[in-house]
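Protein chains in written order, with the numbering used here: chain C, 449 to 939; chain V, 14 to 260.
By construction, the Cβ of each residue, glycine as well, lies at the ideal position given by its N, Cα and C atoms.
Note that the structure is a prediction, hence the values are computed from the model and not measured.
The structure appears right after this line, and notes come after that.
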Amino acid sequence: MSARCLLLMLLAASAFGADPIVIGSKTFAENYILAEAGAQLLESKGYDVDRRFGLNGTTIAFEALKNEAIDLYPEYTGTITEVILVRPELASLSEIRDALDEQGLQLLNPLGFNNAYAIATSAASAKRFSLRRISDLRNAPPLRIALPHEFMSRQDGWPGLQAHYQFERAANGIEHGLAYEAIRADQVDVIAVYTSDGQIVQSDLVILDDDLGYFPQYLAAFLTRKNVDGDVLDVLELLGGRLDDRKMRELNLAVLDPNASYADIAYQFLRDEGLISASNQRLNFYDDLVKNTRRHLKLTTIALAFAIVTGVGIASVVYRRKRLADAFLYFTGLLQTVPSIALLALLIPVFGVGQTPAIIALFLYSLLPIARSTITAMLAIPASYRQVAAAMAMTPGQEMKFVLMPLAMPHVIAGIRTAAVISIGTATLAAFIGAGGLGDPIVTGLALNDTGLILQGAVPAAGLAILTEILFGFIERSLVVPHMRSSARPT
Amino acid sequence: MTEHAAKLTNVSLQRGNVTALDDVSLAIPAGKTTAVLGASGSGKSTLIQIIIGLHTPDSGTVTTLGQTLLPRNLRALRKRIGYAIQEVALLPHMKIRENILLPAVLSAWSRAEQALRLRELLDLMSLPDSVLDRFPHELSGGQQQRAGLCRALSLKPDLLLLDEPFSGLDTRTRRSIHAQFLAMRQQMSISTVLVTHDPEEAIRLAEFIVIMRTGKIQQFGSVHSVLEQPASDYVRELLTGLARGTV
Numbered sequence: 449m450s451a452r453c454l455l456l457m458l459l460a461a462s463a464f465g466a467d468p469i470v471i472g473s474k475t476f477a478e479n480y481i482l483a484e485a486g487a488q489l490l491e492s493k494g495y496d497v498d499r500r501f502g503l504n505g506t507t508i509a510f511e512a513l514k515n516e517a518i519d520l521y522p523e524y525t526g527t528i529t530e531v532i533l534v535r536p537e538l539a540s541l542s543e544i545r546d547a548l549d550e551q552g553l554q555l556l557n558p559l560g561f562n563n564a565y566a567i568a569t570s571a572a573s574a575k576r577f578s579l580r581r582i583s584d585l586r587n588a589p590p591l592r593i594a595l596p597h598e599f600m601s602r603q604d605g606w607p608g609l610q611a612h613y614q615f616e617r618a619a620n621g622i623e624h625g626l627a628y629e630a631i632r633a634d635q636v637d638v639i640a641v642y643t644s645d646g647q648i649v650q651s652d653l654v655i656l657d658d659d660l661g662y663f664p665q666y667l668a669a670f671l672t673r674k675n676v677d678g679d680v681l682d683v684l685e686l687l688g689g690r691l692d693d694r695k696m697r698e699l700n701l702a703v704l705d706p707n708a709s710y711a712d713i714a715y716q717f718l719r720d721e722g723l724i725s726a727s728n729q730r731l732n733f734y735d736d737l738v739k740n741t742r743r744h745l746k747l748t749t750i751a752l753a754f755a756i757v758t759g760v761g762i763a764s765v766v767y768r769r770k771r772l773a774d775a776f777l778y779f780t781g782l783l784q785t786v787p788s789i790a791l792l793a794l795l796i797p798v799f800g801v802g803q804t805p806a807i808i809a810l811f812l813y814s815l816l817p818i819a820r821s822t823i824t825a826m827l828a829i830p831a832s833y834r835q836v837a838a839a840m841a842m843t844p845g846q847e848m849k850f851v852l853m854p855l856a857m858p859h860v861i862a863g864i865r866t867a868a869v870i871s872i873g874t875a876t877l878a879a880f881i882g883a884g885g886l887g888d889p890i891v892t893g894l895a896l897n898d899t900g901l902i903l904q905g906a907v908p909a910a911g912l913a914i915l916t917e918i919l920f921g922f923i924e925r926s927l928v929v930p931h932m933r934s935s936a937r938p939t
Numbered sequence: 014m015t016e017h018a019a020k021l022t023n024v025s026l027q028r029g030n031v032t033a034l035d036d037v038s039l040a041i042p043a044g045k046t047t048a049v050l051g052a053s054g055s056g057k058s059t060l061i062q063i064i065i066g067l068h069t070p071d072s073g074t075v076t077t078l079g080q081t082l083l084p085r086n087l088r089a090l091r092k093r094i095g096y097a098i099q100e101v102a103l104l105p106h107m108k109i110r111e112n113i114l115l116p117a118v119l120s121a122w123s124r125a126e127q128a129l130r131l132r133e134l135l136d137l138m139s140l141p142d143s144v145l146d147r148f149p150h151e152l153s154g155g156q157q158q159r160a161g162l163c164r165a166l167s168l169k170p171d172l173l174l175l176d177e178p179f180s181g182l183d184t185r186t187r188r189s190i191h192a193q194f195l196a197m198r199q200q201m202s203i204s205t206v207l208v209t210h211d212p213e214e215a216i217r218l219a220e221f222i223v224i225m226r227t228g229k230i231q232q233f234g235s236v237h238s239v240l241e242q243p244a245s246d247y248v249r250e251l252l253t254g255l256a257r258g259t260v
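Written out as structure tokens, the structure is:
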């Protein structure tokens with residue numbers, strides 16, 4: 449039964465697949481700007497573009513590319529050699545291209561700037577602890593070090609750096625966008641930055657000299673598959689070599705202005721370069737809100753519908769057998785303990801990125817509250833009702849329709865209500881794997897450290913949750929007689 | 014109609030660690046009321062649950078309305094049996110009208126047939142029409158039990174199984190519903206098995222008495238014969254308790 453549901457869900461989700469050029473981006477400002485510049489340039493040439501921005505990390509973005517969930521995204525040569533191919537010995541661009549070619553991938557010409565990792569400290573800390581070079585970290589007193597999660601775990605990140613410089617220091621994980629805020633507030637001493645970050649200038653940071661030559665080059669370029677339309681790539685090649693370090697740092701700094709969106713900045717850049725003349729085509733605030741809310745509702749509604757059918761269906765079959773019911777609840781409970789972002793990541797190898805894995809994840813999260821409340825409610829039905837039903841010669845179907853379901857209904861509705869509210873909250877994370885929805889502005893806002901943008905997703909999501917509560921109040925009123933409603937149950 | 018409403022031969026049933034029925038053989042007379050009297054845990058409820066197939070005996074045979082209970086004839090047979098219990102178990106989300114007519118709806122009776130039968134049942138149990146549009150929790154205990162009896166009688170059963178239906182009621186209500194029951198029995202000679210722990214009720218309502226203790230039958234006979242010649246001290250004690258109670 450659940451297998452059939454999953455299949456149906458896949459069909460439902462894939463029915464929304466589209467033909468436009470799908471551009472992805474990772475979750476930091478620069479990647480948004482580059483992806484958006486590519487998107488606007490293509491749109492100005494008449495292409496239809498689907499934006500799947502805010503993919504949470506290299507693995508997700510790369511898997512999305514390979515699974516054809518996206519057609520291209522901005523990547524960096526260092527990331528390609530160290531993380532994707534795991535061949536750090538590849539030095540030249542042509543070597544990298546040959547290696548990618550074997551996987552059916554290709555790298556367009558670099559955009560110009562090098563965005564290497566670098567270790568930075570505040571000017572004050574640099575003075576206090578006499579830090580100038582990365583080597584100085586070896587003998588420095590205890591420091592508060594905060595690094596992006598990805599940098600902490602990847603081989604060419606913190607572990608490799610410590611080995612290269614021969615020291616060991618504890619570090620905490622932090623969202624890249626929040627690291628600057630933390631160091632400005634003097635909550636941390638040392639952070640990892642990208643050399644093209646605009647905040648380096650603004651936050652008065654000192655970049656520690658890579659004196660032992662650890663960090664490889666990170667030239668930015670669009671990574672794409674070989675089967676992507678060559679005309680599309682010709683258009684994108686127009687961006688090749690247009691952005692040097694200084695220019696990129698400027699654009700990255702401009703994003704920090706709360707009044708400027710990354711789309712505006714990408715547009716301004718393309719205008720300055722004389723690449724486009726058409727006026728900005730980006731959706732305005734209201735259109736964005738409607739689009740995101742619709743997508744959000746679509747994700748949660750499809751997932752919830754399947755979870756209701758599956759959860760209530762399985763629960764009404766297994767509740768008679770205690771072991772089976774326990775096993776089912778245990779399994780769904782286990783799913784609940786998997787962190788949502790991890791579950792989403794786990795689904796990517798099988799279902800790619802986009803709406804399908806998001807819907808499946810939401811479906812799995814909704815199962816427990818629905819199944820648990822249904823099973824509990826059915827077990828709580830006094831034996832006398834079931835005796836009378838049997839004595840009335842009811843078939844199992846009639847017993848379900850006339851006795852079990854009506855008596856369990858208030859609890860079942862409460863379970864669905866809980867699942868719906870959880871789904872609406874969890875669905876905001878779906879943006880990390882390119883499923884869109886109200887998580888889009890939240891993820892972008894987090895990446896750009898833009899509170900206004902975060903609220904554009906968080907407030908409507910909270911509003912949806914409240915509306916859902918009200919809606920389920922109505923549903924209960926229409927399906928349950930007054931004295932059996934959850935509000936009227938005797939104490 | 015066969016000679017016996019139900020017949021048990023060497024029936025035993027273990028429920029958990031308890032021997033609910035221990036080699037019970039019994040023939041329930043057709044067209045009469047038989048009271049099954051005993052303390053709680055004596056197996057008296059299990060006895061009628063076995064007659065309607067809610068339990069399958071570990072050993073022995075059960076014949077109900079002349080037929081051996083088999084999975085394939087169970088539902089057809091149950092449609093000929095009315096069943097009412099102490100908890101009543103009227104469905105709380107249905108109004109009394111729907112509750113009483115539920116067996117008729119399940120048997121796809123026409124609306125006209127349903128209306129006709131509802132009228133008869135209300136008159137039989139002296140229930141006012143005003144209860145029909147109420148929910149079970151809005152009725153008094155006596156009214157609920159009357160509605161439960163209406164439901165049990167709705168398909169004009171050949172056999173009526175009553176599991177302490179009057180036990181939860183106060184004395185006055187019980188007296189009045191007893192009278193109702195006797196009046197009904199005069200109108201139709203339906204085979205009835207009445208499980209009760211109350212000797213007064215058994216003697217008042219039944220023609221035959223089965224006395225049970227820890228899964229075994231202590232005595233079975235007409236009310237008169239049991240009163241005249243108690244088979245054991247236990248039976249005598251059970252019935253003298255009554256004598257004291259009624260003085």
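CA nearest to the CA of Phe501(C), picked from Ser832(C), Gly882(C), Thr916(C) | Numbered from 1 along the first sequence, position 53 holds the residue referred to as residue 501(C). The candidate whose alpha carbon is nearest that of Phe501(C) is Gly882(C).
Could you give the uninterrupted runs of the beta strand (DSSP E) lying entirely in the stretch 49-117 of chain V, keeping only those of 3 residues or more?
-> The stretch 49-117 of chain V contains these whole beta strand (DSSP E) runs: 72-77, 94-98.
If we cut at 8 Å on Cβ distances, does Ser821(C) have a partner in chain V?
-> Translated into the one-based positions of the first sequence, residue 821(C) becomes position 373. Against chain V, the CB of Ser821(C) has no partner CB under 8 Å away; the residue lies outside that interface.
What are the complete alpha helix (DSSP H) segments, minimum 4 residues, inside the stretch 550-623 of chain C?
-> Within the stretch 550-623 of chain C, the complete alpha helix (DSSP H) runs of at least 4 residues are 571-576, 597-601, 606-613.
Verify the CB distance criterion: does Leu104(V) have a CB-CB separation below 8 Å to chain C?
-> Taking the second sequence and counting its residues from 1, the one referred to as residue 104(V) is at position 91. Yes, contact with chain C.
With C-beta atoms as the reference, is Ser38(V) less than 8 Å away from Thr59(V)?
-> In the second sequence, residue 38(V) corresponds to position 25, counting from 1. In the second sequence, residue 59(V) corresponds to position 46, counting from 1. Not in contact: Ser38(V) and Thr59(V) (Cβ atoms no closer than 8 Å).
Using a C-beta to C-beta distance shorter than 9 Å, which residues of chain V count as neighbours of Pro854(C)?
-> As a position in the first sequence, residue 854(C) is number 406, starting the count at 1. Contact of Pro854(C) with chain V by beta-carbon distance below 9 Å involves Leu104, Pro105, His106, Met107.
Quick one: is Pro84(V) near chain C, going by C-beta distance under 8 Å?
-> On the second sequence, residue 84(V) is found 71 positions in, with the first residue counted as 1. Using beta-carbon distances, Pro84(V) does not count as an interface residue toward chain C, since no partner is under 8 Å.
Given a threshold of 16 other Cβ atoms within 10 Å of its Cβ, counted over all protein chains shown, does Leu553(C) qualify as buried or as exposed?
-> As a first step, residue 553(C) is located in the first sequence; it is residue number 105 there, counting from the start. That one is buried.
Please list the partners that Ser832(C) has in chain V, where partner means a Cβ-to-Cβ separation under 7 Å.
-> As a first step, residue 832(C) must be located in the first sequence, where it is residue number 384. Chain V residues near Ser832(C): Ile98, Glu100, Ala102.
Outcome for Leu585(C) when other beta-carbon atoms lying within 10 angstroms are tallied against a minimum of 16 = Residue mapping note: residue 585(C) aligns to position 137 of the first sequence, counting from 1. With a 10 Å radius around the Cβ and a threshold of 16 neighbouring Cβ atoms, Leu585(C) comes out buried.
So, does the CB of Lys57(V) fall closer than 8 Å to a CB anywhere in chain C?
-> Stepping through the second sequence from its first residue, residue 57(V) is reached at position 44. With 8 Å as the cut-off, Lys57(V) does not count as an interface residue toward chain C.
Would the stretch 641-649 of chain C and the stretch 691-708 of chain C be scored as touching if the rule is three or more Cβ pairs under 8 Å?
-> Put simply, the stretch 641-649 of chain C touches the stretch 691-708 of chain C. At least three CB pairs are less than 8 Å apart.
Beta-carbon separation (whole angstroms), Ile818(C) vs Ala755(C), contact threshold 8 Å = As a first step, residue 818(C) must be located in the first sequence, where it is residue number 370. As a first step, residue 755(C) must be located in the first sequence, where it is residue number 307. About 6 Å; that satisfies the 8 Å criterion.
Got a sec: is the Cβ-Cβ distance from Lys92(V) to anything in chain C below 8 Å?
-> For the purposes of this step, residue 92(V) is taken as residue 79 along the second sequence, with counting starting at 1. Yes, Lys92(V) lies at the interface with chain C (some Cβ there is under 8 Å from its Cβ).
Between the Cα of Leu794(C) and those of Ile469(C), Ile471(C), Leu503(C), Ile508(C), spot the shortest distance and give me the residue it belongs to.
-> What you label residue 794(C) is simply residue 346 of the first sequence in a count that begins at 1. Distance from the Cα of Leu794(C) is smallest, within the candidate group Ile469(C), Ile471(C), Leu503(C), Ile508(C), for Ile508(C).
Who are the neighbours of His68(V) on chain C, taking C-beta pairs under 8 Å?
-> Indexing the second sequence from 1 puts residue 68(V) at position 55. What His68(V) touches in chain C: nothing, since even the nearest Cβ is about 11 Å away.
Taking 8 Å as the cut-off, decide whether the C-beta atoms of Leu559(C) and Tyr710(C) are in contact.
-> As a first step, residue 559(C) must be located in the first sequence, where it is residue number 111. As a first step, residue 710(C) must be located in the first sequence, where it is residue number 262. At the C-beta level, Leu559(C) and Tyr710(C) stay beyond 8 Å of one another.
For Phe179(V), return the contacting residues in chain C, with the cut-off set at a CB-CB distance below 8 Å.
-> In the second sequence, the residue the question calls residue 179(V) occupies position 166. Contact annotation for Phe179(V) against chain C: no contact, minimum CB-CB distance about 16 Å [criterion: below 8 Å].
Of the listed residues Leu489(C), Ile528(C), Leu626(C), nearest to Gln551(C) (C-alpha basis) = The residue labelled residue 551(C) in the question sits at position 103 within the first sequence. Closest option to Gln551(C), Cα to Cα, is Ile528(C).
Which same chain residues, not among the five before or five after Ser788(C), have their C-beta less than 6 Å away from its C-beta?
-> Position 340 of the first sequence, counted from the start, is the residue given in the question as residue 788(C). Within the same chain, and ignoring the five residues on either side of Ser788(C) in sequence, the residues whose Cβ sits closer than 6 Å to its Cβ are Thr874, Leu877.
For the beta strand (DSSP E) that Ile230(V) lies in, which residues bound it at each end?
-> Numbered from 1 along the second sequence, position 217 holds the residue referred to as residue 230(V). DSSP places Ile230(V) in the uninterrupted beta strand (DSSP E) bounded by 229-235.
Under 7 Å Cβ-Cβ, which residues of chain C neighbour Pro116(V)?
-> One-based indexing of the second sequence puts residue 116(V) at position 103. What Pro116(V) touches in chain C: Met840.
Burial state of Thr748(C) (16 or more Cβ within 10 Å) | As a first step, residue 748(C) must be located in the first sequence, where it is residue number 300. Residue environment: Thr748(C) is assigned as buried (16 or more neighbouring CB atoms within 10 Å of its CB, all protein chains considered).
Would you please state the rounded distance, in angstroms, between the beta carbons of Leu129(V) and Ala19(V)? I believe it to be under 8 Å.
-> Sequence index remark: in the second sequence, residue 129(V) carries index 116 (1-based). Sequence index remark: in the second sequence, residue 19(V) carries index 6 (1-based). Taking a contact as a CB-CB distance under 8 Å, the pair Leu129(V) and Ala19(V) does not count as one, their CB atoms being some 29 Å apart.
Other residues of its chain near Asn562(C): CB distance less than 7 Å, five sequence neighbours each side excluded | The residue you call residue 562(C) lines up with position 114 of the first sequence. Shown here for Asn562(C): same chain residues with a beta carbon closer than 7 Å to its own, the five before and five after excluded, namely Thr643, Gln665, Tyr666, Leu667, Asp693 in chain order.
Close beta carbons around Val534(C), own chain, < 8 Å, minus the five adjacent residues each side = Here residue 534(C) corresponds to residue number 86 of the first sequence, with the count starting at 1. Only Gln603 meet the Cβ criterion.
Once you ignore the five residues that flank Thr186(V) on each side, which residues in its own chain have a CB closer than 6 Å to its CB?
-> Position 173 of the second sequence holds residue 186(V). Excluding positions up to five away in sequence, the list reads Gly155.
May I ask you to report which of helix, strand or coil DSSP gives Ser821(C)?
-> On the first sequence, position 373 is the one that residue 821(C) refers to. Of the three classes helix, strand and coil, the one that applies to Ser821(C) here is helix, per DSSP.
Would Leu263(V) be called buried (16 or more neighbouring beta carbons within 10 Å of its own) or exposed?
-> The displayed coordinates of chain V run from 14 to 260. Any statement about residue 263(V) would go beyond what the structure contains.
What residues in its chain sit with their C-beta under 6 Å from that of Ile64(V), if we drop five residues either side in the sequence?
-> For the purposes of this step, residue 64(V) is taken as the residue at position 51 of the second sequence. Taken in chain order, the residues that qualify are Ala19, Thr77.
Can you name the start and end residues of the beta strand (DSSP E) that Gly885(C) belongs to?
-> Residue mapping note: residue 885(C) aligns to position 437 of the first sequence, counting from 1. Secondary structure note for Gly885(C): it is in no beta strand (DSSP E), with a DSSP letter that is neither H nor E.
Determine whether the Cβ of His150(V) lies closer than 8 Å to any Cβ atom of chain C.
-> As a working note, residue 150(V) is residue 137 in the second sequence. Output row for His150(V): interface = yes.
Does DSSP put Gln242(V) in a helix, in a strand, or in coil?
-> Within the second sequence, numbered from 1, the residue matching residue 242(V) stands at position 229. Residue state, collapsed to three classes: coil.
Does the beta carbon of Arg88(V) sit closer than 8 Å to a beta carbon anywhere in chain C?
-> The residue labelled residue 88(V) in the question sits at position 75 within the second sequence. At least one chain C Cβ lies under 8 Å of Arg88(V).
For Ile224(V), go through chain C and note every residue whose CB falls closer than 7 Å to its CB, in chain order.
-> As a first step, residue 224(V) is located in the second sequence; it is residue number 211 there, counting from the start. Simply none; closest approach about 24 Å.
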